[in-house]
Amino acid sequence: MPTVDTIAAVATAPGRGGVGIVRVSGPLAREIAQALTGGKLTPRSAVYCDFQDADGEALDRGIAIRFEEPQSLTGEDVLELQGHGGPVVLDMLLERVLSLGARRAEPGEFTQRAFVNGKMDLAQAEAVLDLVNSATRQAARGALRSLSGAFSKRVHGIERELLELRVFCEGAIDFPDEEIDFLSESDVGERLEAVRNHLSALRADARQGALLQDGLNVVIAGAPNVGKSSLLNRLSGEDRAIVTNVPGTTRDTLDADFDLDGMPVRVVDTAGLRETGDAVETEGVNRARRAMAMADVILWVVDDRDTSGDIGEKPRARGMTDATATTIVARNKADLSGRTTGRLSPGVVRISALTGDGIDALAKEIQHAAGYRAGEGMFTARARHLDALASAGEALAAAAERLGANQGELVAEDLREAHEHLGLIVGRVSPDDLLGEIFASFCIGK
Amino acid sequence: MTLHSETYDVIVVGGGHAGTEAALAAARTGARTLLLTQSIETLGQMSCNPAIGGIGKSHLVREIDAMGGAMALATDAAGIQFRTLNASKGPAVRATRAQADRTLYRNAIRGMLEAQENLAIFQQSVVDIDIRKGRVEGVLTAMGLAFSAPAVVLTTGTFLGGRIHIGLESHAGGRAGDPASNALAARLRALPFAVDRLKTGTPPRIAGDTVDFARMQPQWGDEPCPTMSFISDGSEHPRQVACHIAATNAKTHRIIRSGLDRSPMYAGEIEGVGPRYCPSIEDKVVRFADRSSHQIFVEPEGLDTHELYPNGISTSLPFEVQFALVRSIEGFGQARITRPGYAIEYDFFDPRGLEPSLETKAVSGLYFAGQINGTTGYEEAAAQGLLAGLNAARKVAGSDPWTPQRHEAYLGVLVDDLVTLGTNEPYRMFSSRAEYRLRLRQDNADLRLTPVVREFGLVDADRWRRFEAKRDAIGRANAALRATPLAPGGELCLRLEARCGEAVAKETNLLDYLKRPAVTAADLVAVHAVDADIPALALEQAEIQAKYDGYIKRQDREIAKVRAQESVVLPAGLDYGCIEGLSNELKEKLSLARPATLARASRIPGITPAALSLLLIHAKRLAGRPDGSAPAGAESEPIGERAARRTA
Ligand SMILES: Nc1nc2c(ncn2[C@@H]2O[C@H](COP(=O)(O)OP(=O)(O)OP(=O)(O)O)[C@@H](O)[C@H]2O)c(=O)[nH]1
Ligand SMILES: [Mg+2]
C-alpha cells in the first residue's frame, strides 16, 4: 500500500531523565527534518543540532538522523530526533512535528509499516500480528479509560448537538421541496456558535488534564497468600491493603496510584485465584479475572519457595486467564527462601515484599514493559482525542466563516468534516444514520 | 433460422428502466444483445409517479446521459414541467426535476431501442435461467424457447414474488397491473442468493376532470426551461403544464385513523420493510400526529390524459377509506378515483452478493440490476442497468469490468453502498450519501465520465464532438482568466472593485479573484474583463471550479488515502472468524459483506483503525503465501445467510 501520510510518535518510555526519541516515518520526513534542524541532513549520519520551533527558537538540542527509503526501519523515509529534555520537552517536540503535517501514529503502526514494506519476512508476521494485537488492545483500554466519565459525556453531548445541526443543513439540501422550515440561517448560526463554545470549553478543560486521567494499569495477581497485598503496599508506599497470613484475605479488588519515575501508575490488588465454595471469595476471583483482562501489565506473584513444576510459568500459559497484557513474574518471599533478589531473566524478578529487596529491579521491569509499548503508541489515546477535538474545532470555525456567504453546501461540508473528527472519539455516524435522524425528526416524503 | 436457435452475447431480462439501459449499453459496445420483456407495450414504463430527477437522482440521470444512455434524452422528449431544485444554493447540490408524460416517455424509449443496432427485442416471460457449473448459459421462456448467451442481466424489478395489498385483501401481482414472475422467483430462491422482502406503495390515481383546480395552488416550471441531457437545448420539450399543490386536513386524518384497523401494515399483514423517506399517508398521520396537514403534489400523468398522480398520499387502506380520504381534500370534493392505491411487497436479493460490476458472486456471467438489488427509483435502476449491461458486454469481450469510484460518480456511491453495506429498506439516492458531492455535480457529469466510457464504445460521434467543444472552451476560459493579471490600482481592478466590492490587496489574476464568494463570472462579463467569444457555459464552469477549488484540494488527500486502501485486495478466502483481535460483531459483518478491498472494509459501520490494521496485515500475509493462493474452501463459501428480517 503506497503510504500517503506521515506518522510520528515518542519512541521511548515516558518518564523523567535519559534520552527521549521522537520517530517520524513517511513522505514528509525530509521536509520536517529541514524545518526542524534548518539544514539538510545527510542520510544515515547523526548531526548534533538545535531542534527549532516555528519561530526558529531552540526547543531542545540533540541528535537528528535521517534515513531514506527503503533503507530504514519502516522502509519509508524516517527521521529520528534524540533529545535530552524531559517528557514535557519531548511532547513539545512531537507537537512541533505534528504541526508540520505528520499525524500521531496508531498503536503498532511503525511495525506494521515495516511489515507491509517488506522489512520483515513472513516468519515474523505472527510476531507482528501479536504486537499489533496487543498494542491495539492496550490502546483500546487506554481509550476506554480516557473515555470514561465526564469527558465522554461531554464529547457525546457535543456530537449530539453537531448531529442536530447537520440534520438541518443536510435536510435543507436534500429536501428543498418539503414544506419544512429547516431553520432560518440565523438559527443555524446560533446553534453553530453553541457547539463551538462547548467544544472550546471542553478542550480547555481537557488540556488541564483534569478530565483525562490516563496511567499504566498494573494488576497484581496470583494464588492466595503469596504476598500480593504486601506488594501493593510496598509499591504504593502506603498501608493500603490488609495483610494477614490467612489465605483468601483479599476479597475485592483494591487500587492505589503512584508515580513511577514520572510515569503515572495505577496498581490493582486482587483476590488470590483458587476454586472455592465461598460465594464472596468466588465473586472476588471473578473480579480478579476481569481486572486482569483490563491490565496493561500483570504482576504474577508466586512464592519463591514453591518448587512445583509450572510455578514460574505465566498465568496465560497456565490457562489461568486469557488476558494478553505483558506479564512479569514476581518470585516473592526471597527472605524466606534465602536466595538473592533481582532480575533473573526478562520478565522474571525475585523480590521480598516484606523487606523491600528487589523492588527497584521490579520497578525497572515495569518501566521496561511500559516502554516496549510506548514506542508503539501507548499513552496516546488522550493525545489522539485532543487532536481530534482540535481538528473538529478548526472545521467548525471554517463553517462559521462560510455561514454568511450563502454557501450552504460548503457549510455542510465543513460540518461533515468536524463530525468525522468527533467520530474518531465516539464512533462514526454514517450518512445513513444521518438520514435516519432526518426522517425521524421530520415528516419527509411524498 | 428461428430465434430460439440463436445465440447472443448478452441477454437482458426485463424492459423497465434498468433493462432498457442495460440492453442499450450492451448493444452500443457492439455486443449482440437480446432484450426479453413480458410486454413490448410497457417498455420504458413509469410504474410509479410520472417524474424523473430530484436531488441526487438528476445527478444519476446526468451521469447516465454522460455515458450515452437514454433516460435524459427521453425525459427531455417527454417532460411537461421542469424545475431546478436548490437554485438558491451552490451548483454542487442543484438538481433538475421533470414531470413526464408517460406515453411520450415510453415512446421515446421504445424509439431508441428500435433504432439501436445490435439489439433484438422479444416478448416472452422468462421462467428459468440456465446455469451450469456455476456459469450462466442462457434463459428459458414460458413457451419453452431457449436462448443462450454467456452473459445474462436480470432486471425484473418488483415482479419477483410480487404481492399486492389493498386493505386486508391481497393477491399476487407485479406493479401497474403486470403479472408477477413467480416461476422465476421460485427458481431464483433455490439459488444461493440471500433473499429478503421489501415493500413500497402508490396513491390512488384521480380523474382530472373531477378535480377543482381553482382550489389548489398551481406550480409552474422554471423559465428558462432546464434540460436533462447535455445535448438537448430545450427544443425537444413538448408543451409545458402546471402541477398543483393540495393538502390533507384534520378531517382527512380522522378518516385515516378510523381505517387503521384495516390497514395491512398495522394489522401485521405485510412483512417487507418500507422506506423511511416515503411513508404512506397512514404512516405520516400516525408517526407525526402533531401535524394537522400534509402536502400533496398533484402531478399530471400526461398531456392527453386527465389522470392525476396525487404524490404524498400513497396508501394501502381499504378502497372505501381511500375514497373518503380523497374526497375530504380541498379540491378533491367530487374527485373520482381511477385506480386504487396499494402496497406491493416483493423479493430482492441482498446486493452484498454482488461484485461492484453487478455480476453475482455465485453465478459467473449473471448480473442483477435495479429494484431486484433493493433500490427504488427509475434513476437508480437505470444507472445500474447501464453499468450491468456494459460489464456484461465487457465480460463477453474478455475485458476487465469497470465501476466508477465514490469520488467519480453518484453511480459509484450507489454501487459501493449496495455491495458493501447492503440495504434493509428500498435504497434511494440522496446527495448526503455522497461524501464527495462537491465534485459530483450534475453540471460536470460529462467531464467526469464521458471520456472514460468513450473508450468502452458507449459514446457516439455526435456526443463526443459536442463534448470536446465544451471541454476545449472550458480550457480556454481557464487559461484566459489565469492569464489576465489584476494589479491593485489598475484600471480593470478599479472597475471590478467598484462592481463587486472586493478589494485587491496584492497582484493576482482573474481566476484567483473569481474564487472569492462575492465575485461571479457575470461580474467579469459585465465589466468586460473577459473576451466576449468565450461561451457563457465555459465561464460558468471555470467559476464553479474556482469556487470549490480549496475544498476539492482538501478532499484530494482523503481520496488518495482511500485509493491506497483500494489497492489492498482482501482475498476471497480470508477467514474473518479466525482473526484474533476483531470483535465478534465485526467478524460477522465482514463475513457477510466479504469486502473486496481494504477501502470497502473501511466503510463498514463500526470498523476501527485498529481492525483495518489487522486486515491489512492478514491480507499481506495471505498475499505472501508461497503459492499466492487463498486457503482451500474459498469457492464453497455461502454468499451469506438470509438477512435478518426486520419486523415493521
Ligand atoms: N517473610 C515474608 N513474608 C511475606 C512476604 N510477603 C508477604 N508475606 C506474608 O505472607 C502472608 C500473606 O501476605 P498477603 O500480602 O496478605 O498475601 P496475599 O497474596 O495478598 O493473600 P490473599 O489476599 O489471601 O490472596 C502475610 O503473613 C505476609 O506477611 C515476604 O516477602 N516475606
Ligand atoms: Mg491479599
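Heads up: the protein sequence lines correspond to chains P and U, in order. Under the numbering used here, the first residue of the first sequence carries the number 1, and numbering increases by one thereafter. Under the numbering used here, the first residue of the second sequence carries the number 1, and numbering increases by one thereafter. Using N, Cα and C, we set each Cβ at its ideal position, and we do this for glycine too.
List the endpoints of the continuous beta strand (DSSP E) containing residue 205 of chain U.
That run of the beta strand (DSSP E) goes 205-207.
Closer than 7 Å by C-beta to residue 641 of chain U: which residues in its own chain qualify, once you throw out the five before and the five after it? Chain order, please.
Summary for residue 641 of chain U: the model assigns pLDDT 31, below 50, so the residue's position carries little reliability, and this model does not support an answer.
With 7 Å as the limit, tell me which residues of the stretch 146-175 of chain P have their beta carbon closer than that to any beta carbon of chain U; keep them in chain order.
Residues 170, 173 and 174.
Quick one: is the Cβ of residue 337 of chain P within less than 6 Å of any heavy atom of ligand 1?
No.
In whole angstroms, what is the alpha-carbon distance linking residue 78 of chain P and residue 566 of chain U?
Those two C-alpha atoms are separated by around 25 Å.
Under the three-state reduction of DSSP, which class applies to residue 401 of chain P: helix, strand or coil?
Reduced to three states, the DSSP call for residue 401 of chain P is helix.
Where do the N-terminal and C-terminal ends of the beta strand (DSSP E) with residue 165 of chain U fall, by residue?
Residues 163-166.
Is residue 419 of chain P helix, strand or coil by DSSP?
Helix, per DSSP.
Can you name the start and end residues of the beta strand (DSSP E) that residue 199 of chain U belongs to?
It spans 195-202 - the beta strand (DSSP E) in which residue 199 of chain U sits, taken as one unbroken run.
Grab me the residues of residue 51 of chain P's own chain with a C-beta within less than 8 Å of its C-beta, minus the 5 sequence neighbours each way, in chain order.
Closer than 8 Å at Cβ, skipping near neighbours: 36, 37, 58, 59, 60, 61, 62, 64, 81, 83, 93 and 96.
List, in chain order, every chain U residue whose beta-carbon is nearer than 9 Å to that of residue 387 of chain P.
Here the premise fails: no neighbours, minimum Cβ distance about 13 Å.
Inspect the beta-carbon positions of residue 135 of chain U and residue 398 of chain U and report whether they are closer than 7 Å.
No, the Cβ-Cβ distance between residue 135 of chain U and residue 398 of chain U is not below 7 Å.
Quick check: the Cα distance between residue 8 of chain P and residue 365 of chain P, rounded to an integer number of angstroms?
Taking the straight line joining both Cα atoms gives about 26 Å.
Give, in chain order, every residue of the stretch 431-445 of chain U whose Cβ lies closer than 9 Å to some Cβ of chain P.
Of all residues in the stretch 431-445 of chain U, 431, 432, 433, 434, 435, 437 and 438 have a Cβ within less than 9 Å of some Cβ in chain P.
At the level of alpha carbons, what is the spacing between residue 164 of chain P and residue 550 of chain U?
So the alpha carbons of these two residues sit roughly 26 Å apart.
Among U/252, U/324, U/599 and U/119, which one has its Cα closest to the Cα of residue 289 of chain U?
Answer by Cα proximity: U/252.
Quick one: complete alpha helix (DSSP H) runs, 4+ long, within the stretch 26-91 of chain U?
Taking only runs of at least 4 residues, the alpha helix (DSSP H) segments lying wholly in the stretch 26-91 of chain U are 57-66 and 71-78.
I want to verify the contact list: residues of chain U whose CB lies under 8 Å from the CB of residue 443 of chain P, in sequence order.
Per Cβ cutoff of 8 Å: 279, 284, 287, 288, 291 and 294.
With a threshold of 8 Å on Cβ separation, who are the neighbours of residue 391 of chain U within its own chain once the five nearest residues in sequence on each side are excluded?
For residue 391 of chain U, where only same-chain residues beyond five positions count, the Cβ hits under 8 Å are 357, 358, 359, 367, 401, 402 and 403.
What residue ranges within the stretch 84-137 of chain U form continuous beta strand (DSSP E) runs of no fewer than 3 residues, ordered along the chain?
Listed in chain order, they are 95-100, 119-123 and 126-132.
Could you pull the DSSP bridge partners for residue 326 of chain U from this structure?
Answer is none; residue 326 of chain U lacks a bridge partner.
Straight-line CA distance for residue 285 of chain P to residue 41 of chain P?
Near 57 Å, if we compare the C-alpha coordinates of residue 41 of chain P and residue 285 of chain P.
Applying the 10 Å Cβ sphere with the 16-neighbour rule, what's the burial state of residue 217 of chain P?
The residue in question, residue 217 of chain P, is buried, as its Cβ has 16 or more Cβ neighbours within 10 Å.
On a CA-only basis, which of U/477, U/292 and U/508 is nearest residue 533 of chain U? Give me that one, please.
Residue U/477 is the option with its Cα nearest to residue 533 of chain U.
Quick one: what does DSSP say residue 158 of chain U is sitting in, helix, strand or coil?
DSSP places residue 158 of chain U in helix when its eight states are reduced to three.
Leaving out five residues before and five after residue 406 of chain U in sequence, what residues of the same chain have Cβ atoms less than 6 Å from its Cβ?
For residue 406 of chain U, where only same-chain residues beyond five positions count, the Cβ hits under 6 Å are 412, 413 and 416.
Which class does residue 225 of chain P belong to by DSSP, given the choice of helix, strand or coil?
DSSP places residue 225 of chain P in coil when its eight states are reduced to three.
Going straight from the alpha carbon of residue 310 of chain U to that of residue 218 of chain U, what length do you get?
Taking the straight line joining both Cα atoms gives about 14 Å.
Is residue 336 of chain U closer than 7 Å to residue 210 of chain U when the C-beta atoms are compared?
In this structure, residue 336 of chain U lies closer than 7 Å to residue 210 of chain U by Cβ.
So if I threshold CB-CB distances at 8 Å, which residues from the stretch 95-120 of chain P count as touching chain U?
Residues passing the 8 Å Cβ filter: 106, 107, 108, 109, 112, 115 and 116.
Evaluate residue 18 of chain U with the Cβ neighbour count: other Cβ atoms within 10 Å of its Cβ, from every protein chain shown; 16 or more gives buried, anything less gives exposed.
Label assigned to residue 18 of chain U: buried.
Would you say residue 4 of chain P faces chain U, with C-beta separation under 7 Å as the test?
Taking Cβ atoms only, chain U reaches closer than 7 Å to residue 4 of chain P, which makes this a yes.
Which residues does DSSP pair with residue 258 of chain P in a beta bridge?
Looking at the DSSP assignment, residue 258 of chain P forms a beta bridge with P/265.
Can you tell me which residues form a DSSP beta bridge with residue 81 of chain P?
According to DSSP, which records beta bridges pairwise, residue 81 of chain P is partnered with P/22 and P/64.
The alpha helix (DSSP H) that contains residue 444 of chain U, what's its start and end?
No alpha helix (DSSP H) holds residue 444 of chain U; DSSP gives it neither H nor E.
In three-state DSSP terms, what is residue 50 of chain P?
Reduced to three states, the DSSP call for residue 50 of chain P is strand.
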